[in-house]
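In order, the protein sequences belong to chains W and P. Just so you know, we're using the working numbering here: the first sequence kicks off at 1 and counts up by one. Just so you know, we're using the working numbering here: the second sequence kicks off at 1001 and counts up by one. Notes to accompany the following structure.
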Amino acid sequence: MDYDFNEEQELLKNAAKGFLSKECKPLFVREMEEDTKGITDELWQKMAELGWMGLMFPEQCGGVGGSYLDLIVLLTEMGYSCLPGPFFSTVVLAGTTIMESENEEMKQKLLPEIAEGKMFVTLALTETTAGYSPDMISVKAQKDGNDFIINGTKLFVPDAHIANQIICVARTKEGEKKEDGITLFLVDANSKGIEVTSLKTFAGDKMGEVVFNNVNVSNTNVLGEIDKGWSIIKKVLQKASIGKCAEMVGGGQRALELVLEQATEREQFGVKVGSFQAVQHHCANILTYLDTSRLMTRQAAWRISEGLPCEREVSMTKAWVSDSCRNLIALSHQSVGGTGFMEEHDLQLYFRRTKAAGVYFGDADYHREIVADAIGL
Amino acid sequence: MNFEFTKEEKEFQEEVCEFIKKESTPEMLKETEDQGEIFGGPEGRKIIKKIAAKGWLTPTWPKEYGGLDASEVVSYMIREEMGYNGLPFGFVAAHMSGPTIIRFGSEEMKKAWLPRISSGEVEFALGYTEPQAGSDLSALKLRAEDKGDHFLLNGNKLFNTSCHIADYHWLAVRTDFDVPKPYKGISMMIVDLKSPGITISPLITMAGWRTNEVVYEDVRVPKENLVGEVNKGFYYLMAALDFERMFPLGIFRRLFDEIVAYAKETIIDGKPLSKKPLIRQKLAQLSIEIEVTRLLYYQLAHILDKGGIPNYQSSMEKTFATELTQRITNVGMDILGLYGQLKEDSKWAQLKGKVERYYLTSVVQTIVAGTSEIQRNIIAQRGLGLPR
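Right, here's the structure in full:
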């Protein structure tokens, strides 16, 4: 057994921490929440130059050839700094979908552009039912000669407002088994019939409603096989779930630091508040939630990275981390006290993001149900 | 990074499980359960001697002392499997005293005791707690006066659990009576529990197990039974806790598996309990927490195998695992409903009354070997540097 990251991963972690502490300060995070775009070209280009967008893409596709585990290192630091912008949608969601599609032509066309920071791509998966099971895919793609015509509404599409390309998960066949008959289409966001409306989210991230109204897509734009798209989405959801866990762990680390600042500086009744057992026990519980979330995330990420069976571990992890990091933040607020309720205190950034990440790609209840199946109930 | 056993470790795990299953007897299983999984009863001694003969009782010890020079991961895995399969897994001599002797004992002491411990021939009873010294062990008072060629012991110990079945007392005593800092006047010694002047009286717990009050009246202990140096005992004791504080969940993991099987087999309103959404949620949550415990548990082995010493991580594992035992048994009681209260020998008892029994025993897990509150102090103070 070996619980540690390797040397390169430690280097990557420190480099990312250093970079983000300069380029992604809390003030910037707040500005980007208000900003219509939600990212600056300058920061995006710098990240591209560091090789972050192409970190897990193969070298022949303009990437670095790193592993999913490397990406987790990066996402943890991004969570620590509340990095705004479309990294998750473009790289983790769309990038993974393109890679898993094993469509060489598409990979050659899209991944280098993403790696260079020249293209935003997003994944339009969820609909008004707001869930992650295949029976919830109702947006239709009807065959029309060599083309398909897409109709329907996608909801909670991350960074749809700036996406150049949208991967639409659409139903191409009604069958007995709901996971059959789902196809992935790469759609130019400027196609006729696409309408994007921004949603206002409490975590300040950008999400959109994407309405497809008779949108015409060529069959050459299919990612993966026709009717067999769900097997790709299943893998994407696993990587995305654990990606969100990594962000929550990074955020939890920062929340703990904010608590310790208060506990070791502020005095009440003539002593540091961190000397009270009530506060110490909150802190001990925070560290327990954090350490266990980190261990679970590492294990799941390692299994994904190694291509080992991981359905059970992924759902265990998403359930555990979603609940634990939410509890961790609640204890942090209680420990910091009134100051932590102020907008200018950074804890509120993590409070909002942790809840959003907790429900993203399935909340704890949803994943516990998968675990129940996995343990044979 | 790697979160799985190696191929060799997996094969070894299978070998251990098969051996245990082959050698287990109903009498041993019953004795172990009745005594609270401690080691020292006649049936337990029979099987543990066989385990010890393979080097599995003290696998990390050097070969010359009866070990295998194995990794901590292997050692942790054996303990987990022993618990899961109903063997005694609470060892004082092999898991606490032995490692302390290896670290701090004289060569004579090592030669005298380690082979007897690693062969399963002797068991010690933990002799720490006194009426006024529980969480604050430094307040212990049992006097050991230096009488030239021996120590003379007088005082009381409380909740010293294995004393009625163990052979020796692993005893913390006061050898300096006037030090300003009380923890600096403590020494460790090994005392034959059959020595004249020792009276062991039973205290019966709510779980039916026995623990003991032990009274020392003018008990003579030979000088060579002193461990390490005089007045350094508290340091040894704390160091031992750093290395040895851990809780193998095995026995409760087994109970969880039995509750899951019960939920799958029990039909209520025409469908298995395991198909009810609330029960699925509760059992899934427990299985997640069992996985979390597995990671915390083997993290300790990983740290030791890297040459480090677990710090707050042992307190975290102990707290998480023992608090989980109470959640497992509580969910078990809820799932069994009215049947949960039936004792083993009652008509209609389910799962041999195991759930109610473990429900009772789980109460003490968050109290012994450092309460959850003491553990949280350690996590906050040593893990996060908050003021003592």
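Positions of the beta carbon are idealized from the N, C-alpha and C atoms, including for glycine. Treat the numbers as computed from the prediction; the structure is a model and nothing was measured.
Counting only residues of its own chain and dropping the five nearest sequence neighbours on each side, Ala-1239(P) has no CB closer than 6 Å to any other CB.
Contact annotation: the region 1341-1348 of chain P does not touch the region 241-258 of chain W, with fewer than three C-beta pairs closer than 8 Å. Glu-209(W) has Thr-197(W) as its beta-bridge partners, per DSSP. Pairwise C-beta distances place the region 1124-1132 of chain P out of contact with the region 1370-1385 of chain P, as fewer than three of them are shorter than 8 Å. Between Asp-346(W) and Lys-1264(P), the alpha-carbon positions lie close to 47 Å from each other. When the five nearest sequence neighbours on each side are left out, the beta carbons in the same chain lying within less than 8 Å of the beta carbon of Leu-1386(P) are those of Ala-1380, in order along the chain.
Put simply, the backbone Cα of Arg-1327(P) is about 15 Å away from that of Arg-1280(P). Neighbourhood of Ile-226(W) in chain P, by CB distance below 8 Å: empty, with the nearest CB roughly 35 Å away. The residue from Ser-1135(P), Glu-1121(P), Tyr-1312(P), Ile-1102(P) with its alpha-carbon nearest to that of Gly-1228(P) is Ile-1102(P). Here the alpha carbons of Leu-1324(P) and Trp-320(W) stand approximately 14 Å from one another. In chain order, His-345 place their CB closer than 6 Å to the CB of Thr-339(W), counting only its own chain and leaving out the 5 sequence neighbours on each side. The Cβ atoms of Leu-55(W) and Trp-302(W) lie no closer than 8 Å to each other.
Rounded to the nearest whole angstrom, the CA to CA distance from Ala-163(W) to Thr-122(W) is 6 Å.
Phe-148(W): member of the beta strand (DSSP E) spanning 147-158, first to last residue.
Contact annotation: in the region 336-370 of chain W, residues whose CB is within less than 7 Å of a CB in chain P are Asp-365, Arg-368, Glu-369.
Membership of Cys-24(W) in any beta strand (DSSP E) is not indicated, and neither H nor E is assigned to it by DSSP.
Between Lys-272(W) and chain P, the shortest Cβ-Cβ separation is below 8 Å. For Ala-246(W), not one C-beta of chain P is nearer than 8 Å to its own C-beta. Annotation: the region 279-337 of chain W contains the following complete segments of the alpha helix (DSSP H) (minimum length 4 residues), in chain order: 311-336.
Rounded to whole angstroms, the separation of the alpha carbons of Ala-1166(P) and Gly-376(W) is 42 Å. In the three-state DSSP reduction, Asp-1269(P) falls in the coil class, being neither helix nor strand. Closer than 8 Å to the CB of Tyr-1339(P) there is not a single CB belonging to chain W. Contact of Lys-1318(P) with chain W by beta-carbon distance below 8 Å is absent, the smallest such distance being about 11 Å. What Ile-375(W) touches in chain P, judged by beta-carbon distance under 9 Å, is Val-1260, Leu-1283, Ala-1284, Ser-1287, going in chain order. When secondary structure is reduced to three states using DSSP, Phe-269(W) falls in the coil class, being assigned neither helix nor strand. The Cβ neighbour count for Glu-1014(P), taken over all protein chains shown within 10 Å, is under 16; the residue is labelled exposed. In chain order, Arg-1376, Asn-1377, Ile-1379, Ala-1380, Gln-1381, Leu-1384, Leu-1386, Pro-1387 make up the part of chain P whose C-beta sits under 9 Å from the C-beta of Gln-280(W). In terms of CA proximity to Leu-328(W), Leu-258(W) leads the group Gln-277(W), Ala-48(W), Leu-258(W). Annotation for Met-53(W): no alpha helix (DSSP H) segment contains it, and DSSP assigns it neither H nor E. When only Cα atoms are considered, Gln-280(W) and Gln-1313(P) end up about 16 Å apart.
The beta-carbon of Gln-277(W) is placed less than 8 Å from the nearest beta-carbon of chain P. The beta-carbon of Ser-1274(P) is placed less than 8 Å from the nearest beta-carbon of chain W. Gly-224(W) has its alpha-carbon roughly 8 Å from the corresponding atom of Glu-100(W). Listed along the chain, the chain P residues whose CB falls inside 7 Å of the CB of Ala-284(W) are Arg-1376, Ile-1379, Ala-1380. In the three-state reduction of the DSSP assignment, Ser-1346(P) falls in the coil class.
Look at the region 67-108 of chain W and you find no whole run of beta strand (DSSP E) that is 3 residues long or longer.
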